[in-house]
Amino acid sequence: MKNTILKEVSKIVIPFIQIFSIYIIFHGHLSPGGGFAGGTIFGASLILYRIVYGKGDAQKKISYKRLMHLMCISLIFYGVLKGYGFITGGSYIDLFEIPLGTPGRILSGGYILPLNIAVGIVVAMVMYLFFTLFYEGEV
Amino acid sequence: MEIFSIIMILFLIGSAIAVSAIKNLLGAIIAFTVYSLVMAILWQQLNAPDLAITEAAVGAGITTLLFIFTLKKN
Amino acid sequence: MEMLFTKYFEVGSMVLFGVGFMTLLLHNNLIKKIIGMNIMDTAVFLFFIAKGYIDGREAPIVRGFHKGVEAYVNPVPAALMLTGIVIAVSVTAFALALTVKIYEKYGTIELDEIMKMRGD
Amino acid sequence: MYIRSFPLVAILILLVSAFVMPMIKKRSIVKGLSLVSMGISSILALITLVYVKENGSFIYRIGHWDAPWGIEFQIGIIEAMMGFLFTSVAALIIWYSIYSIHKEIKDNRVVFYYLLVNILIGALLGIVFSNDLFNSFVFMELSTLASCGIIVVKDKKENIKATLKYLVLSTLGSGLVLMGIAFLYSITGHLNMTFAHREIVKVYADYGQTVLITLGLFTVGLGVKSAMFPLHTWLPDAHSSAPSSSSALLSALVLKGFVLLLVKILYRVFGTEIINQFPILNLILISF
Chain C
1 MKNTILKEVS KIVIPFIQIF SIYIIFHGHL SPGGGFAGGT IFGASLILYR IVYGKGDAQK
61 KISYKRLMHL MCISLIFYGV LKGYGFITGG SYIDLFEIPL GTPGRILSGG YILPLNIAVG
121 IVVAMVMYLF FTLFYEGEV
Chain F
1 MEIFSIIMIL FLIGSAIAVS AIKNLLGAII AFTVYSLVMA ILWQQLNAPD LAITEAAVGA
61 GITTLLFIFT LKKN
Chain L
1 MEMLFTKYFE VGSMVLFGVG FMTLLLHNNL IKKIIGMNIM DTAVFLFFIA KGYIDGREAP
61 IVRGFHKGVE AYVNPVPAAL MLTGIVIAVS VTAFALALTV KIYEKYGTIE LDEIMKMRGD
Chain W
1 MYIRSFPLVA ILILLVSAFV MPMIKKRSIV KGLSLVSMGI SSILALITLV YVKENGSFIY
61 RIGHWDAPWG IEFQIGIIEA MMGFLFTSVA ALIIWYSIYS IHKEIKDNRV VFYYLLVNIL
121 IGALLGIVFS NDLFNSFVFM ELSTLASCGI IVVKDKKENI KATLKYLVLS TLGSGLVLMG
181 IAFLYSITGH LNMTFAHREI VKVYADYGQT VLITLGLFTV GLGVKSAMFP LHTWLPDAHS
241 SAPSSSSALL SALVLKGFVL LLVKILYRVF GTEIINQFPI LNLILISF
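Residue numbers (the working numbering), protein chains in the order written: chain C, 1 to 139; chain F, 1 to 74; chain L, 1 to 120; chain W, 1 to 288.
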């Protein structure tokens, strides 16, 4: 799409959308939000980039291979970390208990924050994948 | 508060019936977007703000986008 | 009978479930079928959330200090329905992808015409 | 003590190894990884079966919370047996499909086929072991999507039609099951099967109509998914047009998972006392 106004405006808007989505992901374990909602908003910013700048520029930033690798590594990370938590909890091994967290402090939630970040990455990539597959048939 | 919720539910039922009744497919999709937005407001009324955020981002955003691109292909 | 007027969230969600079910079952157009599926799912979510709501209490978010269990609404339905929304979105995307494929192969998205054609 | 966590480990191995596959380039390594992960989980299920046979059934909590708040697995003799059956049959089918799959589907879809098979078996094991209603629902939807995926992977004309029929009918069924879970939650206030049973035995006399509606919703919803007699119309198309190895998986394992879930809901949540008051078993077993 060759529209100067769209390009200039989206150059300003996209960073703000991404910062808002990161805010939502980071506050997910102590206040409303979380990986899914934040990841959807992050995916929306990627979709906006794709619509405005076209296929070529977007493929330089996120190629199919990079997208797949990010998604799979996040999923494996999620599975291994959550499985570790499940097994230590279920077998009554008290290696590392999840702290309950105090409201207002982001880092006090134990490993729910890394899990939320992994979920956010997966959801953003999946939303972008859906969009590209429906819009042009390829990533 | 209560009156507002009742009006929103009536609006919700109206837009759901509109989806079923409108012949034009683009009109039906837009009615579904209205439905999702009203549902997000209703969940905020029912004290579930995280669901309201998710529904506004997913139901009114991504799902509508997917529907419209599917319609464009046909 | 008077519960029809006091429990209006539940009544509304039942009506919406019926409308969505009928749209899913009776319409021939695939896009309308998928929208009907979405309406049915959100109606069940509304029913769940309305069951967790208690009048006069606030959202389950701790602001500053914890006020005790009696001050907040039930947070379990909200957590469950978040999962439900994720499932609904993934099923919707899968069904829409199938719709695009159907249009490529058959040239129509009306289900009764597709069922008449022989698949070969 | 560690043997008790083997059912969970089997599911985790299947689900984690599924997502290693897209990062591997060579097809033969992907096939081998799928077979090896399925074999490991079937050995774990066998050890669990032997353990359960000696020590009796046990309850395993997932995470750090006890039963009414957290999710739990209940593994008795039938769950352990079905878990071993599912994983071993799936391992044999994957062994067969290694030699036959390239004749039926395109070469670039082999990786996704094995990914979907691993997810499908993991989700079925989840349905079998779980003692929580909503958790079972999530695994149910996951297995429905995965089984739709392994039907449509062949990409023929009648294939897509059959998958669409299956998807529409099974979303209808899952909507009905979710409504049933909502009714049950609003009567009892629990999602855990043991606690819901404890509550519903106390109160079912006051909620006769609601219990009847809930039973009907569960039976029809899971009946559509497990293709019981009047609700089986999607089955012939879907099973006959799928690739032969996924047809074996579908008719041998997927339907039995849903049948087992229906049996668990009828007998573990409602109990014989409530079922005998309604003609629900006559309807399912066609015995008058």
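Ideal Cβ positions, reconstructed from N, Cα and C, are used throughout, including at glycine. On a predicted model such as this, the values are computed, not experimentally measured, just so you know.
Contacts of residue i in chain F (Cβ-Cβ under 7 Å)
i, result
"C/Met-127", "Ile-62"
"C/Phe-26", "The premise fails here: C/Phe-26 is roughly 14 Å from chain F at the closest Cβ pair, so nothing lies under 7 Å."
8 Å CB neighbourhood of residue i in its chain, flanking five on each side removed
i, result
"W/Leu-250", "Ser-147, Ile-150, Ile-151, Ala-238, His-239, Ala-242"
"W/Tyr-99", "none"
"L/Phe-21", "Gly-36, Met-40"
"C/Ser-45", "Ile-14, Ile-17, Gln-18, Ser-21"
"F/Ile-29", "Thr-64, Phe-67, Ile-68, Leu-71"
"W/Glu-141", "Ser-174"
Whole-number beta carbon distance between residue j and residue i, since they are thought to touch under 8 Å
i, j, result
"W/Phe-86", "W/Ile-62", "About 19 Å; that fails the 8 Å criterion."
"W/Lys-31", "W/Tyr-114", "7 Å"
"W/Met-179", "W/Val-269", "Not really, about 15 Å apart at Cβ, beyond 8 Å."
"L/Leu-24", "L/Met-40", "6 Å"
"W/Gly-83", "W/Thr-48", "7 Å"
"F/Asp-50", "L/Leu-96", "With 8 Å as the limit, F/Asp-50 and L/Leu-96 do not qualify as a contact, their Cβ atoms being about 26 Å apart."
"F/Gln-45", "F/Ser-5", "6 Å"
Per-residue contacts from residue i into chain L (C-beta, under 7 Å)
i, result
"F/Asn-24", "The contacting residues do not exist; F/Asn-24 stays about 11 Å from chain L at best."
"C/Phe-42", "The contacting residues do not exist; C/Phe-42 stays about 15 Å from chain L at best."
"W/Val-224", "What W/Val-224 touches in chain L: nothing, since even the nearest Cβ is about 12 Å away."
Under 9 Å from the C-beta of residue i: neighbouring residues of chain C
i, result
"L/Leu-82", "Gly-34, Phe-36, Ala-37"
"F/Phe-32", "None at all; the shortest Cβ gap to chain C is about 17 Å."
Proximal chain W residues relative to residue i, where beta-carbon distance stays under 8 Å
i, result
"C/Ser-91", "Met-1, Tyr-2, Arg-4, Ser-5"
"C/His-29", "What C/His-29 touches in chain W: nothing, since even the nearest Cβ is about 15 Å away."
"L/Phe-121", "Beyond the ends of chain L as shown, which are 1 and 120, falls residue 121 of chain L; an answer cannot be given."
"C/Gly-85", "Gly-63, His-64"
Spatial neighbours of residue i in its chain, beta-carbon cut-off 7 Å, leaving aside the 5 residues before and after
i, result
"L/Lys-128", "Outside the modelled stretch of chain L, which goes from 1 to 120, sits residue 128 of chain L, for which no answer is possible."
"L/Met-115", "none"
"W/Leu-44", "Phe-6, Val-9, Ala-10"
"C/Ala-118", "Ser-74, Phe-77, Tyr-78"
"L/Leu-111", "Asn-28, Leu-30"
"L/Lys-32", "Thr-23"
"C/Met-125", "Leu-67, Leu-70, Met-71"
"L/Tyr-106", "Ile-114, Met-117"
"W/Ala-252", "Val-89"
Residue closest to residue i, alpha-carbon to alpha-carbon, out of the options
i, options, result
"W/Phe-6", "W/Tyr-60, W/Ser-28, W/Val-220", "W/Tyr-60"
"C/Asn-3", "C/Ser-63, C/Tyr-53, C/Met-127", "C/Tyr-53"
"W/Lys-106", "W/Ile-119, W/Leu-33, W/Lys-156", "W/Lys-156"
"L/Gly-36", "F/Lys-73, F/Met-8, F/Phe-69, F/Ile-13", "F/Ile-13"
"W/Lys-202", "W/Ile-119, W/Leu-215, W/Glu-273", "W/Glu-273"
"W/Met-38", "W/Leu-125, W/Val-220, W/Ser-244", "W/Leu-125"
"W/Glu-72", "W/Phe-139, W/Phe-129, W/Ala-91, W/Leu-14", "W/Phe-129"
"L/Ile-87", "W/Val-263, W/Leu-231, W/His-190, W/Asn-135", "W/Asn-135"
"F/Ile-62", "C/Arg-66, C/Glu-136, C/Phe-131, C/Glu-138", "C/Phe-131"
"W/Ala-182", "L/Val-44, L/Val-100, L/Ile-61", "L/Val-44"
"C/Ser-91", "W/Met-1, W/Asn-159, W/Val-16", "W/Met-1"
"F/Lys-72", "L/Glu-2, L/Lys-67, L/Glu-104", "L/Glu-104"
"W/Gly-208", "W/Ile-77, W/Ser-34, W/Phe-278, W/Leu-116", "W/Phe-278"
"C/Val-169", "C/Asp-57, C/Leu-107, C/Gly-43, C/Tyr-49", "Outside the shown range of chain C (1 to 139) lies residue 169 of chain C, about which nothing can therefore be said."
"W/Tyr-51", "W/Gly-76, W/Ile-101, W/Ile-127", "W/Gly-76"
"L/Val-73", "L/Thr-108, L/Tyr-53, L/Val-100", "L/Tyr-53"
"W/Ile-160", "L/Ala-59, L/Ile-109, L/Ile-102", "L/Ile-102"
Listed by chain order, chain C residues near residue i by CB distance under 8 Å
i, result
"L/Val-86", "Phe-36"
"F/Ala-57", "Ala-37, Thr-40, Ile-41, Ala-44"
Chain-ordered neighbours of residue i on chain C, where CB pairs are closer than 7 Å
i, result
"W/Pro-279", "Those within 7 Å of W/Pro-279 in chain C number zero; the least Cβ separation is about 40 Å."
"L/Ala-93", "Phe-130"
Interface residues of chain W facing residue i [CB-CB closer than 7 Å]
i, result
"L/Met-40", "Gly-175"
"C/Ile-76", "Val-16, Phe-19, Val-20"
"L/Ile-31", "Ordered by position in chain W, no residue passes the 7 Å Cβ test against L/Ile-31, which lies about 12 Å from the chain."
Chain F contact residues for residue i, given Cβ-Cβ distances below 9 Å
i, result
"L/Thr-23", "Ala-16, Val-19, Ser-20"
"C/Phe-20", "Going along chain F, no residue has its Cβ under 9 Å from C/Phe-20, so there is no contact; the nearest lies around 11 Å."
Close beta carbons around residue i, own chain, < 6 Å, minus the five adjacent residues each side
i, result
"W/Leu-169", "Val-224, Trp-234"
"C/Ile-93", "none"
Where residue i meets chain L, residues with beta-carbon distance less than 8 Å
i, result
"F/Ile-13", "Gly-12, Val-15, Leu-16, Val-19"
Neighbouring residues, chain W, relative to residue i (Cβ below 9 Å)
i, result
"L/Leu-98", "Cys-148, Val-152, Ile-160, Thr-163, Leu-164, Leu-167"
For this session: Check each residue of the region 42-74 of chain L: if its Cβ is closer than 7 Å to any Cβ of chain W, include it; give the result in chain order.
Result: Correct list: Val-44, Phe-47, Phe-48, Lys-51.
Problem set entry | Members of the region 130-163 of chain W near chain L, C-beta cut-off 9 Å | Answer in chain order: Phe-134, Phe-137, Val-138, Glu-141, Leu-142, Thr-144, Leu-145, Cys-148, Gly-149, Val-152, Asp-155, Lys-156, Lys-157, Glu-158, Asn-159, Ile-160, Lys-161, Ala-162, Thr-163.
Exercise. Can you list, in chain order, the residues of the region 52-72 of chain W whose Cβ is nearer than 7 Å to any Cβ on chain C?
Worked result: Across the region 52-72 of chain W, CB contacts with chain C closer than 7 Å involve Tyr-60, Arg-61, Ile-62, Gly-63, His-64, in sequence order along the chain.
For this session: Quick one: which residues of the region 173-204 of chain W get their C-beta closer than 7 Å to a C-beta of chain L? List them in chain order.
Result: Residues passing the 7 Å Cβ filter: Gly-175, Leu-178, Met-179, Ala-182, Tyr-185, Ser-186.
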